[in-house]
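Residue numbering for the sequence shown is 0 to 465, as defined by numbering that gives the first Met the number 0. Below: one structure, written as structure tokens.
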Amino acid sequence: MEKQQEIHGLGQERIGGLLLKFSIPCVVGLLIGSFYNIVDQMFIGNSELGYFGNAATGISFPVLCIANAFAWCIGDGAASFLSICAGRGDSESAHKCVGTGITVTTAIGVVLAVVSMIWARPLMALFGASAQTLDMATEYFRIVAAFFPFYLLMNVTNSMIRADGSPTYAMMALSVGAVVNIALDPLFIFVLKWGIAGAAWATVIGQVLSFATCAAYFFKPKSFRLSKRSFLLNGAVLRETVLLGGSTFITQISIVVLSLVSNLVLAKYGALSVYGPDIPISVFSIQNKVYTIVCNVVVGIVLGGQPIFGYNYGAGNFGRVRRAYRLVLRATLLVGLAATLLFQLYPQGVIRLFGSGDAVYWEFAVKTFRIYSSLILVSGLVKMTTVFFQAIGKPTNAIIVALVRDIVLFTPLAMWLPHLLESVSTGSGIHGILYAAPIADVVALITIVCLTVRFFRRLKKPTDAA
0 MEKQQEIHGL
10 GQERIGGLLL
20 KFSIPCVVGL
30 LIGSFYNIVD
40 QMFIGNSELG
50 YFGNAATGIS
60 FPVLCIANAF
70 AWCIGDGAAS
80 FLSICAGRGD
90 SESAHKCVGT
100 GITVTTAIGV
110 VLAVVSMIWA
120 RPLMALFGAS
130 AQTLDMATEY
140 FRIVAAFFPF
150 YLLMNVTNSM
160 IRADGSPTYA
170 MMALSVGAVV
180 NIALDPLFIF
190 VLKWGIAGAA
200 WATVIGQVLS
210 FATCAAYFFK
220 PKSFRLSKRS
230 FLLNGAVLRE
240 TVLLGGSTFI
250 TQISIVVLSL
260 VSNLVLAKYG
270 ALSVYGPDIP
280 ISVFSIQNKV
290 YTIVCNVVVG
300 IVLGGQPIFG
310 YNYGAGNFGR
320 VRRAYRLVLR
330 ATLLVGLAAT
340 LLFQLYPQGV
350 IRLFGSGDAV
360 YWEFAVKTFR
370 IYSSLILVSG
380 LVKMTTVFFQ
390 AIGKPTNAII
400 VALVRDIVLF
410 TPLAMWLPHL
420 LESVSTGSGI
430 HGILYAAPIA
440 DVVALITIVC
450 LTVRFFRRLK
460 KPTDAA
């Protein structure tokens, strides 16, 4: 009874208090999750491997995004579906959604692990590994790929736990793995001298422990009960879950396309510049990790609002949906502004966390943060808007937002601008990819504003209490 009252509180309690209750654990949990790759990169960058080691780990990033695309598609779709089911009082669909999601994720994880381990070296070469980094990238990736089933299930079940009204438990589950990862990294890399393999082993051990903690939650969830029949594939529920999570899938695949294009462009035009191919790839690897931190703060805030959006939209409490949206929007703008100021005023402090390099390395790193990330505030709005439309069951709007910035705009610009600049001045093509991002951000902002204003104008007038 107490657990059901807590779920129904999503439609009655003060929205500001609910957002704090849900968003803070979500933000902390996602930031902790970010440490799995970031901590590796910090230790590697400050070891004898240097920026070559950072480049090697960064090259595997696109393939990890492909794994995340499947996991977060199912996890975020299931989370949105669970919140809407709670608002409708549909507990039957809820347990089928959880069980089906876990079954499908397990199968996908096994397939991805097998394929990735077999094709590890060609994949690393495809995504931009140079002669100096190919062996290291392959060694790191093979270890991480072997544990894909645990990694995917960790992400899927963590999303479900948050949607079930237990963001603090979800945060704690990720914390367990992150603490272990942080503790094992220096032991494996510096003491045992395992190098890049040590970073990989520290990561996967942490992931397995986080998954085990998540799995323990499902013995006593709040809004559903699992049985053997829950894990039988249910086509209708799976379809709804995939539709709701489709924008997340597209977002992650967009990151893969973006990373592939970026690495190829960076290698090609970097080789024609004073920076060479490895410095740009290494710097972009760092930029991607820092970008992930900022976006995870925003995503954590809006995921905290996800059960509030989904429950109240499902229950027809549109006034509460509006008020929750306004609060999340303000928080997103504050995070984006803070990140912008940091990257413009003190990029050196951020870059220094990941090791050092020569003067040429620092020159390109500072340029990257000040130009490429100049409109990171808009990137936060893209993430926020995508999750919002996903949470209220509007997958088409979410997919449009997910596609427009990275696929429709950035990818062609990242290929065309470097070619244009290189034709004007030899060695300057590498700067083209830096300017592609803010141009894409401006157009993406216009798209977000149009879709959001249109949605709220069509939303019924609020009839619920404050």
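Using N, Cα and C, we set each Cβ at its ideal position, and we do this for glycine too.
With respect to the alpha helix (DSSP H) encompassing residue i, which residues constitute its N-terminal and C-terminal limits?
{"i": "Asp89", "result": "Element bounds for Asp89: n/a, residue is neither H nor E."}
{"i": "Ala128", "result": "No alpha helix (DSSP H) holds Ala128; DSSP gives it neither H nor E."}
{"i": "Phe147", "result": "147–162"}
{"i": "Ser261", "result": "234–270"}
{"i": "Ser46", "result": "That residue, Ser46, is in no alpha helix (DSSP H); it is neither H nor E in DSSP."}
{"i": "Leu440", "result": "It should be noted that the sequence gives Asp, not Leu, for residue 440. Here the alpha helix (DSSP H) through Asp440 covers 431–457."}
{"i": "Leu200", "result": "First, the amino acid is wrong: residue 200 is Trp here, not Leu. Here the alpha helix (DSSP H) through Trp200 covers 195–216."}
{"i": "Asp405", "result": "No alpha helix (DSSP H) contains Asp405, which DSSP labels as neither H nor E."}
{"i": "Lys288", "result": "277–314"}
{"i": "Val175", "result": "166–185"}
{"i": "Ser422", "result": "410–423"}
Which value, in whole angstroms, describes the spacing of the CA atoms of residue i and residue j?
{"i": "Tyr360", "j": "Gly299", "result": "32 Å"}
{"i": "Thr132", "j": "Glu138", "result": "10 Å"}
{"i": "Ile445", "j": "Ala211", "result": "43 Å"}
{"i": "Val403", "j": "Ala443", "result": "6 Å"}
{"i": "Ala169", "j": "Lys393", "result": "25 Å"}
{"i": "Thr104", "j": "Lys366", "result": "40 Å"}
{"i": "Tyr371", "j": "Val327", "result": "25 Å"}
{"i": "Ile307", "j": "Ala330", "result": "16 Å"}
{"i": "Gln11", "j": "Tyr274", "result": "57 Å"}
{"i": "Thr384", "j": "Val27", "result": "20 Å"}
{"i": "Leu122", "j": "Asp134", "result": "12 Å"}
{"i": "Ala413", "j": "Val260", "result": "7 Å"}
{"i": "Gly537", "j": "Ile254", "result": "Past the edges of the chain, shown from 0 to 465, lies residue 537, and the structure says nothing about it."}
{"i": "Arg184", "j": "Leu450", "result": "In the sequence under discussion, the amino acid at residue 184 is Asp, which differs from the Arg named in the question. About 44 Å."}
{"i": "Leu81", "j": "Met159", "result": "8 Å"}
{"i": "Glu1", "j": "Ser222", "result": "Its pLDDT being 43, under 50, Glu1 is placed unreliably in this model, and the coordinates cannot settle the point."}
{"i": "Thr462", "j": "Leu243", "result": "Per-residue confidence for Thr462 stands at a pLDDT of 44, beneath the threshold of 50, marking its modelled position as unreliable; the derived number appears in the next sentence. When rounded, the distance between both Cα atoms is 26 Å."}
{"i": "Pro166", "j": "Ala270", "result": "46 Å"}
{"i": "Lys192", "j": "Ala177", "result": "21 Å"}
{"i": "Arg13", "j": "Ser92", "result": "28 Å"}
{"i": "Phe363", "j": "Val282", "result": "8 Å"}
{"i": "Cys71", "j": "Ile438", "result": "The question names Cys, yet the displayed sequence has Trp at residue 71. So the two alpha carbons sit approximately 28 Å from each other."}
{"i": "Ile23", "j": "Gly303", "result": "8 Å"}
{"i": "Leu380", "j": "Ala323", "result": "15 Å"}
{"i": "Phe218", "j": "Glu239", "result": "25 Å"}
{"i": "Thr99", "j": "Met153", "result": "15 Å"}
{"i": "Leu458", "j": "Asn316", "result": "11 Å"}
{"i": "Arg321", "j": "Val301", "result": "13 Å"}
{"i": "Val110", "j": "Ile101", "result": "15 Å"}
{"i": "Ala68", "j": "Ala77", "result": "14 Å"}
{"i": "Ser246", "j": "Asp405", "result": "13 Å"}
To the nearest whole angstrom, what separates the beta carbons of residue i and residue j, a pair I think is in contact under 8 Å?
{"i": "Ala198", "j": "Phe42", "result": "6 Å"}
{"i": "Leu257", "j": "Ile432", "result": "Actually they do not touch by this definition, with Cβ atoms about 10 Å apart."}
{"i": "Gly86", "j": "Gly313", "result": "3 Å"}
{"i": "Ala390", "j": "Ser90", "result": "With 8 Å as the limit, Ala390 and Ser90 do not qualify as a contact, their Cβ atoms being about 19 Å apart."}
{"i": "Ala214", "j": "Thr156", "result": "7 Å"}
{"i": "Leu173", "j": "Ser209", "result": "6 Å"}
{"i": "Cys294", "j": "Ser378", "result": "6 Å"}
{"i": "Gly426", "j": "His418", "result": "Not really, about 13 Å apart at Cβ, beyond 8 Å."}
{"i": "Ile375", "j": "Thr339", "result": "6 Å"}
{"i": "Gly354", "j": "Gly44", "result": "3 Å"}
Could you check if residue i belongs to the surroundings of the ligand COA, using beta carbon to heavy atom distance under 7 Å?
{"i": "Val407", "result": "With respect to small molecules bound, the structure shown includes none, and the ligand COA cannot be examined in it."}
Entirely enclosed alpha helix (DSSP H) segments - the segment 338–379, minimum 4 residues: Contiguous alpha helix (DSSP H) elements confined to the segment 338–379 occur at 346–351, 358–366, taking only those with 4 or more residues.
Sequence ranges, beta strand (DSSP E) only - wholly within the segment 64–121, length at least 3: DSSP runs (the beta strand (DSSP E)) wholly in the segment 64–121: none.
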